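In my numbering, the protein residues as written are 4 to 193.
This report concerns only the one structure given below.
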Ligand code: 5GP
C-alpha cells in the first residue's frame, strides 16, 4: 500500500480549525479525506456516528487502547477520550488519498513524531483567550462548566504552538482559509 501524506490541524477548541478543515475538504484537487476519530464523549446536536466521529462507550474505547488499535489517543477532557484508529489511516491511504486530522495538540504532535516526513502539522491560533470564550459561548453546544474546562486547557495548548511546522493566526477567517489552502497545496506538491 502506498502511503499518502498526513495533514494535522490542531488548536484550542473554538479556534476555527474545524471550519478550516471543512474548507480544505471541499477542494477536490487536494485529494484529502477526513480522519474520523473515535471518541467516548456524547454525541452533540447533528453529529452522525461514522461521519463526525466513531462514538464508542468508555469500555469499547479502553478495549481498543488495550488492543493497541490506536495510532494516538488522549483523554482530552476528563472522562472524554479521543483517538485515531490505525485502521482509519489505512482506510484513507487505501483510497489513494491524503489524511487530514482535526485533533488536539498532543495528538497532533504525536502524529508528527511518528511520521515526521509525511506530516504537515499546523497550529491554528485564536486572536485571544477572550475571543475564544466569546466563540465558544456563541456556539451554544457546551454548558458553562464545559466552556470553562475548554478555556482552562486553551492556555496550555497555546504554549505548544512553536512545536508545530506552521502557525496560522485566525483573526480573519478568509485570510486564514487562503493561507491554509496555500500551505497544504505546497506541502502536498513538494
Ligand atoms: P470536540 O469535543 O469539540 O469534538 O473535540 C474536542 C477536542 O478533541 C478537539 O480539540 C478535537 O480536535 C480533539 N480531538 C478530536 N479527535 C481527536 C483524536 O482523534 N485525537 C486527539 N488526540 N484529539 C482529538
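Where a beta carbon is used, it is the ideal one built from N, C-alpha and C, also for glycine.
For clarity, every value in this text was computed on a predicted model and none was experimentally measured.
CB-CB length for residue i against residue j, believed under 8 angstroms
{"i": "residue 135", "j": "residue 18", "result": "7 angstroms"}
{"i": "residue 15", "j": "residue 172", "result": "At roughly 13 angstroms, the Cβ-Cβ gap does not stay under 8 angstroms, so residue 15 and residue 172 are not in contact."}
{"i": "residue 103", "j": "residue 87", "result": "Not really, about 12 angstroms apart at Cβ, beyond 8 angstroms."}
Any non-hydrogen atom of ligand 1 closer than 8 angstroms to residue i Cβ
{"i": "residue 19", "result": "no"}
{"i": "residue 1", "result": "The chain is shown only over 4 to 193; residue 1 falls outside these bounds and no answer can be derived."}
{"i": "residue 42", "result": "yes"}
{"i": "residue 103", "result": "no"}
{"i": "residue 195", "result": "Only positions 4 to 193 of the chain appear in this structure, which leaves residue 195 out of reach."}
{"i": "residue 96", "result": "no"}
{"i": "residue 38", "result": "yes"}
{"i": "residue 173", "result": "no"}
{"i": "residue 67", "result": "no"}
{"i": "residue 75", "result": "yes"}
{"i": "residue 16", "result": "yes"}
{"i": "residue 83", "result": "yes"}
{"i": "residue 87", "result": "yes"}
C-beta atoms of residue i and residue j nearer than 9 angstroms
{"i": "residue 109", "j": "residue 63", "result": "no"}
{"i": "residue 92", "j": "residue 38", "result": "yes"}
Neighbourhood of residue i by C-beta, 8 angstroms cutoff - its chain only, sequence neighbours within 5 removed
{"i": "residue 123", "result": "8, 9, 10, 11, 168, 169, 186, 187 and 190"}
{"i": "residue 144", "result": "47 and 48"}
{"i": "residue 90", "result": "72"}
{"i": "residue 142", "result": "17"}
{"i": "residue 52", "result": "46 and 58"}
heavy atom of ligand 2 below 8 angstroms from residue i C-beta
{"i": "residue 79", "result": "Among the ligands present in this structure, namely ligand 1, ligand 2 is not found."}
Same chain, Cβ closer than 6 angstroms to residue i, neighbours up to 5 away in sequence not counted
{"i": "residue 113", "result": "75"}
{"i": "residue 165", "result": "none"}
{"i": "residue 41", "result": "57, 59, 86 and 88"}
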